[in-house]
Each structure stands twice: as C-alpha cells, then as structure tokens.
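**Q** Here it is: the structure, laid out below.
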Amino acid sequence: MARLTAPAPADIDAKTQGALDAIAKQFGFAPSMFTMLAANPTVLEIVMGLQGSIAKLLDAKTRHTIALAVSQSNGCRYCQALHGFISSNLGGMSAGEIELARTGPSSDPKRAAVAKFAQQLIETRGQVSDEDLAVIREVGYIDPEIQAIVAIVVVTLLTSYLNNVSDTVADVPGADHQSAWLSSPSAAQTKETTTLNLDKLITKHLTRYFDPSKRIPEETFQQLLRYLRTSPTTINIQPNHFHVLETQDGKDKLADALVGRFADNAEKVRNASHAIVFTTRKDIPDTHLQEIFEKERSDGRFADPEIQKGWEAGASNFVEIQTENYGGDVLHWLEKNTYLVVGATMMAAASLGVDATPLEGFDRTTVDAAFHLTDTDYTTTLLLVLGYPDEARVSRQPVSRFDAEKIFTRI
Ligand SMILES: Cc1cc2nc3c(=O)[nH]c(=O)nc-3n(C[C@H](O)[C@H](O)[C@H](O)COP(=O)(O)O)c2cc1C
236 MARLTAPAPA DIDAKTQGAL DAIAKQFGFA PSMFTMLAAN PTVLEIVMGL
286 QGSIAKLLDA KTRHTIALAV SQSNGCRYCQ ALHGFISSNL GGMSAGEIEL
336 ARTGPSSDPK RAAVAKFAQQ LIETRGQVSD EDLAVIREVG YIDPEIQAIV
386 AIVVVTLLTS YLNNVSDTVA DVPGADHQSA WLSSPSAAQT KETTTLNLDK
436 LITKHLTRYF DPSKRIPEET FQQLLRYLRT SPTTINIQPN HFHVLETQDG
486 KDKLADALVG RFADNAEKVR NASHAIVFTT RKDIPDTHLQ EIFEKERSDG
536 RFADPEIQKG WEAGASNFVE IQTENYGGDV LHWLEKNTYL VVGATMMAAA
586 SLGVDATPLE GFDRTTVDAA FHLTDTDYTT TLLLVLGYPD EARVSRQPVS
636 RFDAEKIFTR I
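Residue numbers (this note's numbering): 236 to 646.
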C-alpha cells in the first residue's frame, strides 16, 4: 500500500480530473503517481508544468536516459518502472538501451556520458568536479545543454522523491518492477560504502537489540538483495524463495508468528530495519530443473550449447545422487544450501556496515502458516533480521568460543 493517500474520485475537482484524463490518454493508462498527486492539485500542476517544460530540452532519448539514470541512482523503483515504460512505449528505446541507461553506460557515447554525469550530479549534490565537467564537454555538450541536463535531473529528482516518500504502488503495464534494480548496479551503486573489518567482526556479538529508529538506506538494501539473488548454490539449484519484510506491517506479520517460547525473537524482528524469511523448496521436480536450464540458456551461461546440454544431464544426475545420499530427504540437502546463502548474506551485510542476525528460534508450522506456505512447495528454513544495534544495549562482554587448540588441526 502506498504511504501517501490518493484522493477518492468524488474528491477530485473537475480541473484536476481533466488533467488526469489527459495524462491517461497520453500514457494509455492513469499512472498511480499522478492519481496520488491529485491530493494536492497545486503539486500536480507544478509537476506537470515542469515535465512539460523539460520536454523542450535536448532530445527525447537523452531525456529518457537521464530520467532512467536518476531513478536508478535514487533507488526509486516506481520511477524506474514508469520511466522504463515511457522510454520503451513512448520513447522508442530498446530493452537493452533502457538497461544501459539505468546502469550508466550506453551504446551511444554521448548518452553514456550524460547518464554518468546525471548520476555524478546526484552523488555530489551538484558539486561535480572540473574533470566531470570536462568529460561532458568533451563528448560535445555545450554550456546551455549542460544547464538542460541539470534541469532534467532536478525535475526527475522531484518526482522520485515524491514516489519514494509515497512508496507509490507500481501499476505500470508489462514492467518487471523488481528486476530493474535487481539486475545490475548503477555506476554510483558499484562503489563500496564500507570495508569489511574482520578484526572488528571477530570481537563482535551478533546483535540482539536493534535500534528501531534506524533504517537501512534503500540503495544499501538493494545492493544486499542483488548480492542475495546471485548467491551460488549446488549445481545452481536455486531452491529458495525470500520473503523480504521491509514495512512495519511485514515485520509485524512475522513477529506475530513468533509466540510461546519464541516470543523473545518477536522484539528483534519488530525493531529491526528489515527481516528476510528464507524458505526452501521441499523437493526438486523436473519442472524446477527445466526452469533453471531454460534461464541458464537465455542468460548464455555457457557459450557452447553442447556444453549446456552436458551440464543439464550432469545436474539432473546429481539431483538423483543427492536424493539417494540423503535417503530421500531432499529438503535436508537443500536447507544446507539455504544456510550457506544466509551465511554469505550475513557477510555481505557486514561489508555494508549492516548487522544481520539469523534466528532459528521459530515454529516452522506457525511461520509457514503466516506466509501462506502450508501445502506449498516451500517451507521456512531460517529468519534473518537486519539493521543497526541499539548502542545502549550492545554487549560489552567478551565473545566466548572454544580455544583454537580444540577446534583446529593444522597439518
Ligand atoms: C543459525 C543461527 C541461529 C540463531 N538463532 C537465534 C535465535 O533464534 N535467537 C537469538 O536470540 N539468537 C540466535 N542466534 C544467535 C546465537 O545464539 C549467538 O550468535 C551465539 O549464542 C553466540 O553469541 P554471540 O554472537 O553473542 O557471540 C542464532 C545464531 C545462528 C548462527
């Protein structure tokens, strides 16, 4: 549900309705961003006026490129979907061009430079370096055009801020709203924010008390999910589905399922910034294997189709071997993969300066029921809560582990 409320149709005055009708005619549908903005007709008028004005600047593909780059940098999922739709349906850009515009590069060097410059403007809040300016001039932009780029960036920022505040519900036909930001990082996003400090990790307790006032920035969280999506699993079996709880309602849904002897964990979930329910397939039917192979083929995992074919035969055979190894208990094997994925995600979170605590203390039947997993192909394996510690409640006691002599045999 969006965080800002759109007005009821009866509360929209005739002039505003006329503006919304014109937008619906232009797009072929009424994007929920404009319906939401109708709650304040003056804001709607400002947005439409500014968008109308910037339509006179530069060429359409360059404008779309800037809008896509800004939306990506700003982590505005709704804007990515909407600008993706506009760029392809109204702007004539191919899926490849759209993807490139989001991530910085482009098949056209001028547009590649403009996308990068737009993201630099956001990163530096306009205080771009002399070198950045020199690069944009080098590809042929003259000063009035550089002003135009800044104007388009700032107008796109306005709508992405409005959509980020509202968390506008994605309603764009044909758009894969998630994959836009999951597929590849933007130029700005590839920069590491924190360096993993192993020495600090060695002396650190897992966080039990999270600070409810601290939220993981959207861009950081997206980076973590991008990592999670690409975690490796045995023969690329990908047995997981992740329920990502990023709203209080989502977290409460999980916390409400942590009752009885697991009630202690409920507070951790409620106070965390985000939580993830890691679920695992209970078996591997042939349809699942075929889905993996199809994706590998379309992603071009192996350059040679013959090698892909050989891989598929080997992978299918390996499933049979593991099924036998585990006495038919395939879930046992697959859940080991899930634990690895959780471990890797904990380290990825640490590298981003985010605390991540796994929770095994839950009743599987209750959590499965809360997430409508009962009698499905999936079951809950582990929970992961993420966020920042409540500094007043961080344990200052030493971490206790067996001595090295007991646990290492170095040969
Ligand atoms: C797989 C796993 C499951 C865990 N489950 C819970 C849990 O349900 N609740 C909890 O408070 N802590 C949980 N923990 C945290 C451990 O209890 C804790 O890391 C361990 O006792 C060592 O304590 P330390 O991190 O303070 O050194 C879990 C840790 C792991 C690795």
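In this text, a Cβ means the ideal position worked out from N, Cα and C, and glycines have one as well. Keep in mind it's a predicted model, so treat the numbers as computed, not measured.
Run the CB neighbour count on residue 516, radius 10 Å, all protein chains shown included, and call it buried at 16 or more, exposed below.
**A** As a working mapping, residue 516 is identified with position 281 in the sequence shown. Under this definition residue 516 is a buried residue.
**Q** Confirm the yes/no value for this check: CB of residue 595, any heavy atom of ligand 1, distance under 6 Å.
**A** Stepping through the sequence shown from its first residue, residue 595 is reached at position 360. Yes, Cβ of residue 595 sits closer than 6 Å to a heavy atom of ligand 1.
**Q** Please name the residue in 513, 561, 550, 531 whose C-alpha comes closest to that of residue 594.
**A** As a first step, residue 594 must be located in the sequence shown, where it is residue number 359. Taking only the C-alpha atoms, the option nearest residue 594 is 513.
**Q** Shortest alpha-carbon distance to residue 303 belongs to which of 288, 323, 287?
**A** Position 68 of the sequence shown, counted from the first residue, corresponds to residue 303. Out of 288, 323, 287, 323 has the C-alpha closest to the C-alpha of residue 303.
**Q** Check whether the segment 515-529 touches the segment 620-627, taking contact to mean three or more Cβ pairs, one atom from each stretch, closer than 8 Å.
**A** These segments do not touch.
**Q** Candidates 523, 534, 589, 567: which alpha carbon is nearest residue 551's?
**A** Here residue 551 refers to the residue found at position 316 when the sequence shown is read from its first residue. Residue 551 has its Cα closest to that of 523, out of 523, 534, 589, 567.
**Q** Please report the residue range of the alpha helix (DSSP H) in which residue 277 lies.
**A** Taking the sequence shown and counting its residues from 1, one reaches residue 277 at position 42. 276-289 is the extent of the alpha helix (DSSP H) around residue 277.
**Q** Going by CA-CA distance only, name the one from 568, 627, 438, 553 that's closest to residue 633.
**A** Along the sequence shown, read from residue 1 onward, the residue named residue 633 stands at position 398. Ranking 568, 627, 438, 553 by Cα distance to residue 633 puts 438 first.
**Q** Please confirm if the segment 535-544 is in contact with the segment 494-501, defined as three or more CB-CB distances below 8 Å between the two stretches.
**A** Taking 8 Å as the limit for Cβ pairs, the verdict is that the segment 494-501 does not touch the segment 535-544.
**Q** Candidates 582, 242, 592, 244: which alpha carbon is nearest residue 430's?
**A** As a working mapping, residue 430 is identified with position 195 in the sequence shown. Out of 582, 242, 592, 244, 582 has the C-alpha closest to the C-alpha of residue 430.
**Q** For the segment 537-607, which segments carrying the beta strand (DSSP E) assignment without a break, of at least 3 residues, lie completely within its bounds, in sequence order?
**A** Taking only runs of at least 3 residues, the beta strand (DSSP E) segments lying wholly in the segment 537-607 are 590-594.
**Q** Is residue 267 buried or exposed, if buried means 16 or more other CB atoms sit within 10 Å of its CB?
**A** Numbered from 1 along the sequence shown, position 32 holds the residue referred to as residue 267. Classification of residue 267: buried, given that the 10 Å Cβ count is 16 or more.
**Q** Which residue marks the beginning of the alpha helix (DSSP H) containing residue 433, and which one marks its end?
**A** Along the sequence shown, one-based indexing puts residue 433 at 198. Element bounds for residue 433: 433-437.
**Q** Report yes if the C-beta of residue 565 is less than 6 Å from at least one heavy atom of ligand 2; otherwise report no.
**A** The model depicted lacks ligand 2 and carries ligand 1 instead.
**Q** If I'm right that residue 354 touches residue 308 with Cβ under 8 Å, what's the distance once you round it to whole angstroms?
**A** Residue mapping note: residue 354 aligns to position 119 of the sequence shown, counting from 1. Residue mapping note: residue 308 aligns to position 73 of the sequence shown, counting from 1. With 8 Å as the limit, residue 354 and residue 308 qualify as a contact, their Cβ atoms being about 5 Å apart.
**Q** Which same chain residues end up closer than 8 Å to residue 469 when comparing Cβ atoms and leaving out the 5 residues on each side of it in sequence?
**A** Taking the first residue of the sequence shown as position 1, residue 469 is located at position 234. Correct list, in chain order: 553, 557, 568, 572.
**Q** Enumerate in chain order the residues of its own chain whose CB-to-CB distance from residue 326 is below 7 Å, with the five nearest sequence positions on each side excluded.
**A** Numbered from 1 along the sequence shown, position 91 holds the residue referred to as residue 326. Closer than 7 Å at Cβ, skipping near neighbours: 295, 296, 299.
**Q** State buried or exposed for residue 474, treating a residue as buried only when at least 16 other CB atoms are found within 10 Å of its CB.
**A** Residue 474 sits at position 239 when you count from the first residue of the sequence shown. The residue is buried, with at least 16 neighbouring Cβ atoms inside 10 Å.
**Q** Which residues in the same chain have their Cβ closer than 7 Å to the Cβ of residue 318, if we skip the five residues on either side of it in sequence?
**A** Locating residue 318 in the sequence shown gives position 83, counting from the first residue. Taken in chain order, the residues that qualify are 299, 302, 303, 306.
**Q** If you draw a straight line from the alpha carbon of residue 345 to that of residue 374, how long is it in whole angstroms?
**A** The count along the sequence shown starts at 1 and reaches residue 345 at position 110. The count along the sequence shown starts at 1 and reaches residue 374 at position 139. Looking at the two C-alpha atoms, the distance is approximately 6 Å.
**Q** Would you say the beta carbon of residue 602 is closer than 6 Å to some non-hydrogen atom of ligand 1?
**A** Stepping through the sequence shown from its first residue, residue 602 is reached at position 367. No; taking the cut-off as 6 Å, the Cβ of residue 602 has no heavy atom of ligand 1 nearer than that.
**Q** Relative to ligand 1, is the shortest distance from any of its heavy atoms to the C-beta of residue 275 smaller than 6 Å?
**A** Reading the sequence shown from its first residue, position 40 is the one you call residue 275. Checking every heavy atom of ligand 1 against the Cβ of residue 275, none is found closer than 6 Å.
**Q** Classify residue 510 as buried or exposed, calling it buried when 16 or more other Cβ atoms lie within 10 Å of its own Cβ.
**A** In the sequence shown, residue 510 corresponds to position 275, counting from 1. By the neighbour-count rule (16 or more Cβ atoms within 10 Å), residue 510 is buried.
**Q** Can you name, in chain order, every residue of its own chain whose Cβ lies under 8 Å from the Cβ of residue 481, other than the five neighbours on each side?
**A** Translated into the one-based positions of the sequence shown, residue 481 becomes position 246. Taken in chain order, the residues that qualify are 456, 509.
**Q** Who pairs with residue 511 in a beta bridge, going by DSSP?
**A** Along the sequence shown, read from residue 1 onward, the residue named residue 511 stands at position 276. Note: residue 511 sits in a beta bridge opposite 479, 619.
**Q** Within 10 Å of its beta-carbon, does residue 351 have 16 or more other beta-carbons around it, so buried, or fewer, so exposed?
**A** Start at 1 with the first residue of the sequence shown, and residue 351 comes out as number 116. Classification for residue 351: buried.
**Q** Quick one: does the C-beta of residue 440 sit closer than 6 Å to a heavy atom of ligand 1?
**A** Sequence index remark: in the sequence shown, residue 440 carries index 205 (1-based). Indeed, a heavy atom of ligand 1 lies less than 6 Å from the Cβ.
**Q** Closest by CA to residue 393, which one among 281, 250, 255?
**A** The residue labelled residue 393 in the question sits at position 158 within the sequence shown. When only C-alpha atoms are compared, the closest one is 281.
**Q** Give the DSSP-derived three-state secondary structure of residue 297 in the structure shown.
**A** For the purposes of this step, residue 297 is taken as residue 62 along the sequence shown, with counting starting at 1. Helix.
**Q** Mind checking whether residue 371 and residue 589 have CB atoms under 7 Å apart?
**A** For the purposes of this step, residue 371 is identified with residue 136 of the sequence shown, where counting begins at 1. For the purposes of this step, residue 589 is identified with residue 354 of the sequence shown, where counting begins at 1. No, the pair does not count as a contact, with Cβ atoms beyond the cut-off.
**Q** Would you say residue 471 touches ligand 1, meaning its beta carbon is less than 6 Å from a heavy atom?
**A** What you label residue 471 is simply residue 236 of the sequence shown in a count that begins at 1. The answer is no for residue 471.
**Q** Would you list the residues sitting across from residue 614 in a DSSP beta bridge?
**A** Here residue 614 refers to the residue found at position 379 of the sequence shown. 515.
**Q** Once you ignore the five residues that flank residue 576 on each side, which residues in its own chain have a CB closer than 8 Å to its CB?
**A** What you label residue 576 is simply residue 341 of the sequence shown in a count that begins at 1. Cβ neighbours of residue 576 beyond the five flanking positions: 463, 466, 468, 475, 513.
**Q** Closer than 6 Å: is that where the CB of residue 634 sits relative to any heavy atom of ligand 1?
**A** In the sequence shown, the residue the question calls residue 634 occupies position 399. Checking every heavy atom of ligand 1 against the Cβ of residue 634, one is found closer than 6 Å.
**Q** Thinking just about the alpha-carbon of each residue, which of 403, 264, 390 is nearest to the one in residue 239?
**A** Stepping through the sequence shown from its first residue, residue 239 is reached at position 4. Closest by alpha carbon: 403.
**Q** Please indicate yes or no: does the CB of residue 309 lie closer than 6 Å to some heavy atom of ligand 1?
**A** Looking up residue 309 in the sequence shown gives position 74. Incorrect: residue 309 has no Cβ contact closer than 6 Å to ligand 1.
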